[in-house]
Structure formats: structure tokens, C-alpha cells
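Novice: Dropping the structure in here first, questions after.
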Amino acid sequence: MYRITRQGIALLEHHGQFTTVLHSETQHLPHPSQVFHSLELNQIRLALANENILANWQSEIEVASFNTISCAPYQKDYDAIVDVWIGDQRARFALEYERSLKSYRQYDRIRAALQAETKIGCILYLTSGMEVLAHLFHELSSVHDKLAFANARDFERMLLDTQVVTARNLAGAHFRDLLQ
């Protein structure tokens, strides 16, 4: 298993690689429990790339780095900002992956950030299971204009053709239709 270490980050910096939020002087490196979260996101990225529909993928660290230095940041450090091809058109969405539930206060902060978001038109929440999806939908459905919810395994298999649930369409719609 690979781990982010100060020595590894220093080596990357020596070769010209860096982000503004994670560098060799960072006080708190990511917790090892984040590895499963990262692996699942990587599976999603690979699935999109293997179908040749991935145009661009900004990781959470890249998004956080952008937010740190931007005059017009995103309202949240999303797990990824994803550009996909739909035919010859590019579509952008923010991706969040929820493996476990958060506290009520955390969802309050998340809800406020999502409601204030103006740079992203669609935010896809993928979950580790249907129980998490149901709870997350209950917590965040008031942000109805921007959010779609789906199971991560379904999305990995069906990608843009995944049936997603929105506050406006509990029966489900294809994710692709929300992006167009």
C-alpha cells in the first residue's frame, strides 16, 4: 500500500509537482482510512476513461488548491470536478462520494455550501449503498436544483446512463439528461 509521506511530497516538489494545499510542510496528511474513498473515486475515473468519455478530472486536492488561490472559488472542496464528453459537447459536474454518514452539523455546512454554489450546475452524489443514499437524499434534497444521487456501483457500470434520483424526479432520470 502507498502512503503520502513528507519525504515523498518533498521528492515530488523537487521534480516540479505541487499543490497549494498539500506540500512538504503540511501539518496534517490524509488519514490512511481515506484510501478506500480514494480507490472508489479512482474506479469511477477509470470507468469514464475506459469508455472514452472522460475529458478532464480535477481531483479533490486540485480543487482544494484552486479554491485556496482563486478569486472565485467553488463553494466546496468537491471530491472531483469532472468534464465528460456527450457526443461532441463537453459537460461539467462536481462529484461527491459518500462512504459513511456525517453529523447533522456537517450536513448543515454542506447544505449551505451547495445552495451558495454558482460555478457548477450539477453535483452528483454517489454513495456506497442505498441506505447511505436514502439518508443523504433526506439531508440534502432541499438543494433541489443542482443535486443528483446514485449508487456508486451502478454509476461505475452504467456511467452517464445511470438512473439518478433528484428532488424533482424521485422515479429517476438518466444522468446524461441532467447534463444536457
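Each residue of the sequence shown is one higher than the one before, counting from 28 in the numbering used here.
In this text, a Cβ means the ideal position worked out from N, Cα and C, and glycines have one as well.
DSSP on A74, reduced to helix/strand/coil?
Specialist: A74 falls in the helix class under three-state DSSP.
Novice: What does a CB cutoff of less than 6 Å around L141 pick up in its chain, not counting 5 residues either side in sequence?
Specialist: The residues are V170.
Novice: Looking only at its chain, what residues have a beta carbon closer than 7 Å to the beta carbon of Q70, apart from the 5 residues adjacent to it on each side?
Specialist: E183
Novice: On the three-state DSSP scale, how would you describe T95?
Specialist: helix
Novice: Return helix, strand or coil for S86, following the three-state DSSP convention.
Specialist: Strand at S86.
Novice: Measuring alpha carbon to alpha carbon, tell me which of N196, S92 and R119 ends up nearest N83.
Specialist: R119
Novice: Taking V192 and F202 to be in contact with their CB atoms under 8 Å, please state how far apart those CB atoms are, rounded to whole angstroms.
Specialist: Actually they do not touch by this definition, with Cβ atoms about 10 Å apart.
Novice: Give the DSSP bridge partners of E125, in chain order.
Specialist: T154
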